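*Asks:* Just so you know, we're using numbering that gives the first Met the number 0 here: the sequence shown kicks off at 0 and counts up by one.
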Amino acid sequence: MMLCKNQTGQGLILNFGDDDEDDPSTCFKLNTNLRFFRKKKGNKVIEANHSKLEVFWDLSTAKYDAGPEPVNGFYVLVMVDLEISLVLGDIDEEPVTQKFRKTTPVAKVSLISRQEHCSGNTLYSTKAQFSDTGIVHDVLIRFGRENEGLKHPVLSVYIDKKTVIRVKRLQWNFRGNQTIFVDGLSVDLMWDPTLVGGEVVAERSR
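#1: Within its chain, find whatever has a CB closer than 7 Å to the CB of residue 80; leave out the 5 residues flanking it on each side and keep chain order.
#2: On the DSSP letters alone, give me the boundaries of the beta strand (DSSP E) that residue 179 sits inside.
#3: For residue 48, name the three-state secondary structure that DSSP assigns.
#4: In the DSSP assignment, find the unbroken beta strand (DSSP E) run with residue 126 in it and report its ends.
#5: Given a cut-off of 8 Å, decide if residue 158 and residue 181 are closer than it, judged by their beta-carbon atoms.
#6: Taking Cβ to Cβ, would you say residue 29 is nearer than 8 Å to residue 58?
#7: The beta strand (DSSP E) spanning residue 76 covers which residue range?
#8: Identify, in the order they occur along the chain, each residue of the same chain with its Cβ nearer than 6 Å to the Cβ of residue 60, setting aside the five sequence neighbours on each side.
#9: Excluding the 5 residues flanking residue 39 on each side, which residues of the same chain have their C-beta closer than 6 Å to its C-beta?
#10: Do you know how far the Cα of residue 186 is from the Cα of residue 142?
#11: Mind checking who residue 57 pairs with in its DSSP beta bridge?
#12: So for residue 82, helix, strand or coil by DSSP?
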């Protein structure tokens with residue numbers, strides 16, 4: 000699953016296999032830009048990997064903060080072979096989802112990894128939850144110059160306003176990783192500014 004935000008709108012991509020994400024037989028896409036996407040509420044059936052997948056969504060009243068992920072006023076529900084496999088949003092408040100939750104078995108799922116890509120700014124903020132029952136943390140990523148203006152680039156990552164990593168001289172340490180601990184969990188933080196727009200990835204260690 001991928002949530003995206005750019006100048007043309009916000010969107011959602013669900014990929015149901017290892018195939019190309021542009022393949023309509025294994026990929027489901029929504030875009031909130033009215034020029035391209037006029038149906039902000041509905042359902043769709045997809046046949047993929049010998050399974051029947053049903054996607055139900057309602058983004059008609061979705062509200063967003065600075066990031067690409069809606070904060071409320073939405074739901075996305077995915078069923079695989081008549082079993083609920085993905086539930087997002089204000090699921091308990093919708094009659095259609097209440098019906099499914101009462102009559103349909105729910106698969107046991109867990110978050111394996113989460114990635115966020117950003118470009119165009121030296122300062123990026125988001126919110127992240129590192130476990131299903133953990134609290135939501137404020138994450139800030141800053142790319143700048145050491146001593147405000149000197150030539151050595153520095154990458155800094157803050158969680159709840161506390162510095163968790165600071166990488167100096169990025170021209171030499173342009174690619175790397177470091178393990179940090181959040182809520183008693185080990186989180187692998189990887190960076191590679193040489194990619195287009197740069198990249199910082201945080202994954203919970205298994």
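We put the beta carbon where it would ideally sit given N, CA and C, even for glycine.
The model shown is predicted, which means the values in this text are computed figures rather than measured ones.
*Replies:* If we stick to the structure as given:
#1: Numbered from its first residue, the sequence shown carries residue 80 at position 81. Non-local C-beta neighbours of residue 80 in its own chain, meaning closer than 7 Å and more than five positions away in sequence, comprise 50, 51, ordered along the chain.
#2: In the sequence shown, the residue the question calls residue 179 occupies position 180. Segment 175-181, the beta strand (DSSP E) holding residue 179.
#3: In the sequence shown, the residue the question calls residue 48 occupies position 49. Residue 48 falls in the coil class under three-state DSSP.
#4: Numbered from 1 along the sequence shown, position 127 holds the residue referred to as residue 126. Under the DSSP assignment, residue 126 falls in the beta strand (DSSP E) whose first and last residues are 122-127.
#5: Residue numbering aside, residue 181 sits at position 182 when the sequence shown is read from its first letter. Residue numbering aside, residue 158 sits at position 159 when the sequence shown is read from its first letter. Yes, these two residues count as a Cβ contact at 8 Å.
#6: By one-based count along the sequence shown, residue 29 stands at place 30. By one-based count along the sequence shown, residue 58 stands at place 59. Annotated as proximal: residue 29 and residue 58, with beta-carbon spacing under 8 Å.
#7: The residue given as residue 76 occupies position 77 in the sequence shown. Residues 74-79.
#8: Counted from its first residue, the sequence shown places residue 60 at position 61. Answer for residue 60: 72, listed in chain order.
#9: As a position in the sequence shown, residue 39 is number 40, starting the count at 1. So the qualifying residues of the chain are 58, 59.
#10: As a working note, residue 142 is residue 143 in the sequence shown. As a working note, residue 186 is residue 187 in the sequence shown. So the two alpha carbons sit approximately 20 Å from each other.
#11: Taking the first residue of the sequence shown as position 1, residue 57 is located at position 58. DSSP lists 40, 74 as partners of residue 57.
#12: Counted from its first residue, the sequence shown places residue 82 at position 83. Secondary structure at residue 82: strand, using DSSP grouped into helix, strand and coil.
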